[in-house]
């Protein structure tokens, strides 16, 4: 088991390197850079531009050097000093800006994953065991709502009803007095109160697929001879269902946690922009718009790394649960 | 005898309502070509059938949007700002039946809140006419005309409009804008799916047909691409497109970006079919009788999995539409003056606009309808894709 984990971690490294290269190159694609457009903006406002200061800034960020040199500066800074570069727009080190937002994105992703499982597993099992019943049809209808209506549209709809019918603003993750406050227990509780609406929105969009997977897998599993045998041997229906077929049907579920997280991060990004939540989405959008490249690049890198780590965790869990994988690998 | 059993089994798969009709002509099924079997199976899926009609309608609207739209989508009619969807009546206030008409609306401004409201004046009726003259355009870009599907006659159009889905903050007709938006949104779904099909078939085909090292590399690439969360990646890439690009170029760039991830799904399907097909007897037979590789692929393998590809394509279009909408919505995809559903939804981002004029969400309904229709049709196609399975 230990050897398996070590090997999986080692496989991760080239992936992470590739991700960092892709993140960095993607950000070099747009013509021009932050300082040039910043200087142009100052000029249009009729202000004096200090060429000297601009040049020293250029030097500091390694602009004008070949791209691989810039890349190396960035990556080695991250690895050796935990320095993610400087955000030009915020005039702050990137590392001071990203962690809290990344943490909230992760919290939201995991929270919505738990909601989805809480809905998809029992509902999927019920659907499969009561095929073609009215609740089965209702659940299909529900899952189509999830397929057809993207999270950002749910966000808009909920925002509208909250504003007109309840008179509350659902935007944001904190009450006003906590926005800039340091983390305390009260702030945490306050966040949980705000978290459930966005969590539910993301869950609606992503549960549908999982519900259908559970149902289809379980239906396949229930037709297998071992189920028949167990029934013939007189095992109670409940035990027969939960002990084997459900567990087998769940397998592909856990093996795709990584991709599932990636999908959720996509939904969260768009939804957060609508609801202006303090997650990575709005800040990444703003950084991209103003070509604040280190900030934007760090987000892309970290969000992808998150998926990689999620996949790693799911692989380890799967190997732990299923000896076939552990021994085969 | 074996033929009969076979025929009966297929009959069972056709459902009860058709059983009698078909059982009398069991041979009909046995000799039916595959496409006919597929059609029989597809038409059993009622939602898929309805969805197909919905999609045909939507694409017709997209193609002939100038004709369907009663107003110029860019024309700001200042006298009709934030008008709610116009009610169409067929019965007047005295209970008399008429050809569909709208009432004259009286505009009033609340002196305190400055909120504009429109009240129906039931004394003046404006009947809706078909094929009325309106703004000039070129039908399908060729024939200049000014005839529109419906609207009010020119003499009434000055005082009153027929706004099926209301108007926005600037007094532009939402229905017209959604018709025009359909053109970009729906065509981009198709375009990016076809682009991903090309990549997917080539790379998935190599992966599945040759296997070995090529397969391993392509599979790793697919896994890698899927590891990066799609929206953050798309955001980064579309932010790389210069803001001063003309609409056509942004449209093309966006299509490429969407296909960048889309091909991985197509490649998986193609690879899976190739792997399954490689071992089939008829492929072996073709190879033994000396067919060239390209002939085996094009003549023998392709026809047998074409239906799967079409089903997978259909199921992928909604993703493309949703991504385009999402990106344009947050301002990184198509930008005004281009009109797509995502661009139109930007209006709803403004909370004030959303509360005062909730009909700005109408483009969202168009997105949901088309996404669901593609999903249902794709489900039906997938079920029909292999008419010999049961």
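Residue numbers (my numbering), protein chains in the order written: chain Y, 847 to 1175; chain C, 796 to 1185.
Ideal Cβ placement from N, Cα and C applies to all residues, glycine included.
This one's a predicted model, so the numbers in the text were calculated from it and none came from an experiment.
| query | result |
| --- | --- |
| Classify residue 1145 of chain C: buried if its beta carbon has 16 or more other beta carbons within 10 angstroms, exposed otherwise. | exposed |
| Contact criterion: CB-CB distance below 9 Å. Does residue 996 of chain Y meet it with respect to chain C? | yes |
| Have a look at the DSSP bridge pairing and note the partners of residue 911 of chain C. | C:904 |
| Measure the C-alpha to C-alpha separation of residue 800 of chain C and residue 1113 of chain Y and round it to an integer number of angstroms. | Bear in mind that the predicted position of residue 800 of chain C carries a pLDDT of just 40, short of 50, making it unreliable; the figure below should be weighed with that in mind. C-alpha separation (whole angstroms): 50 Å. |
| How would you label residue 1119 of chain C, buried or exposed, when you count the other beta carbons within 10 angstroms and need 16 or more for buried? | buried |
| Comparing alpha-carbon positions, which option in C:1102, C:1055 and C:956 lies nearest residue 870 of chain C? | C:956 |
| Closer than 9 Å, CB to CB, is residue 1113 of chain C near chain Y or not? | yes |
| From residue 834 of chain C to residue 1179 of chain C, what distance separates their C-alpha atoms? | 7 Å |
| Could you please give me the residues that DSSP links to residue 942 of chain C through a beta bridge? | C:928 |
| With DSSP run on the structure shown, which of helix, strand or coil describes residue 938 of chain Y? | strand |
| Closer than 7 Å by beta-carbon distance: list the chain Y residues that pair up with residue 1035 of chain C, in chain order. | 872, 875 and 876 |
| Could you check whether the Cβ of residue 879 of chain Y sits closer than 9 Å to any Cβ belonging to chain C? | no |
| Interface residues of chain Y around residue 1145 of chain C at Cβ under 7 Å? | Result: empty, since nearest Cβ-Cβ is about 11 Å, beyond 7 Å. |
| Take residue 973 of chain Y and list the residues in its own chain whose beta-carbon comes closer than 6 Å to its own, dropping the five residues that flank it on each side. | 982, 985 and 1061 |
| Just mark residue 1027 of chain Y as buried or exposed, buried being the case when its beta carbon has 16 or more other beta carbons within 10 Å. | exposed |
| Work out the CA separation of residue 1030 of chain Y and residue 1024 of chain Y for me, nearest whole Å. | 9 Å |
| Take every Cβ of the segment 1076 to 1088 of chain Y, pair it with every Cβ of the segment 1140 to 1149 of chain Y, and state whether three or more of those distances are shorter than 8 Å. | no |
| From this set, C:1175, C:1181 and C:1163, which residue's C-alpha is nearest residue 990 of chain Y's C-alpha? | C:1163 |
| In the segment 1000 to 1033 of chain C, which residues sit with their C-beta less than 8 Å from some C-beta in chain Y, listed in chain order? | 1019, 1021, 1022, 1023, 1024, 1025, 1026, 1027, 1028, 1030, 1031 and 1032 |
| Taking Cβ-Cβ distances below 8 Å as the criterion, which residues of the segment 902 to 926 of chain Y are in contact with chain C? | none |
| On the DSSP letters alone, give me the boundaries of the beta strand (DSSP E) that residue 913 of chain Y sits inside. | Run containing residue 913 of chain Y: none in the beta strand (DSSP E); it sits in the alpha helix (DSSP H), 913 to 927. |
| Using a C-beta to C-beta distance shorter than 9 Å, which residues of chain Y count as neighbours of residue 1166 of chain C? | 993, 994, 995 and 996 |
| Thinking C-beta only, is residue 1135 of chain Y closer than 9 Å to residue 986 of chain C? | no |
| Who are the neighbours of residue 1100 of chain Y on chain C, taking C-beta pairs under 8 Å? | Per Cβ cutoff of 8 Å: no residues; residue 1100 of chain Y is ~17 Å from chain C at best. |
| For residue 751 of chain C, which option in C:979, C:842, C:963 and C:894 has the closest C-alpha, if you only look at C-alpha atoms? | For chain C, the structure presents residues 796 to 1185; residue 751 of chain C sits outside this window and is missing. |
| May I have the straight-line CA-CA distance separating residue 865 of chain C from residue 838 of chain C, to the nearest angstrom? | 35 Å |
| In whole angstroms, what is the alpha-carbon distance linking residue 1032 of chain Y and residue 940 of chain Y? | 27 Å |
| Please check if any C-beta of chain C sits within less than 9 Å of the C-beta of residue 999 of chain Y. | yes |
| Going by C-alpha distance, which of Y:1132, Y:1108 and Y:1169 is nearest residue 1152 of chain Y? | Y:1108 |
| Is the beta carbon of residue 1127 of chain C sitting closer than 9 Å to the one on residue 1135 of chain C? | no |
| So what does DSSP say about residue 853 of chain C, is it helix, strand or coil? | helix |
| In the DSSP assignment, find the unbroken alpha helix (DSSP H) run with residue 1125 of chain C in it and report its ends. | Note, residue 1125 of chain C: premise wrong, no alpha helix (DSSP H); not H, not E. |
| Measure the C-alpha to C-alpha separation of residue 980 of chain Y and residue 1037 of chain Y and round it to an integer number of angstroms. | 38 Å |
| Please list the residues of the segment 850 to 866 of chain Y that have a C-beta atom closer than 8 Å to any C-beta atom in chain C, keeping them in chain order. | 861, 864 and 865 |
| What span of residues does the alpha helix (DSSP H) with residue 840 of chain C cover, start to end? | Careful: residue 840 of chain C lies outside any alpha helix (DSSP H) and carries neither H nor E. |
| So, are the CB atoms of residue 949 of chain C and residue 928 of chain C less than 9 Å apart? | yes |
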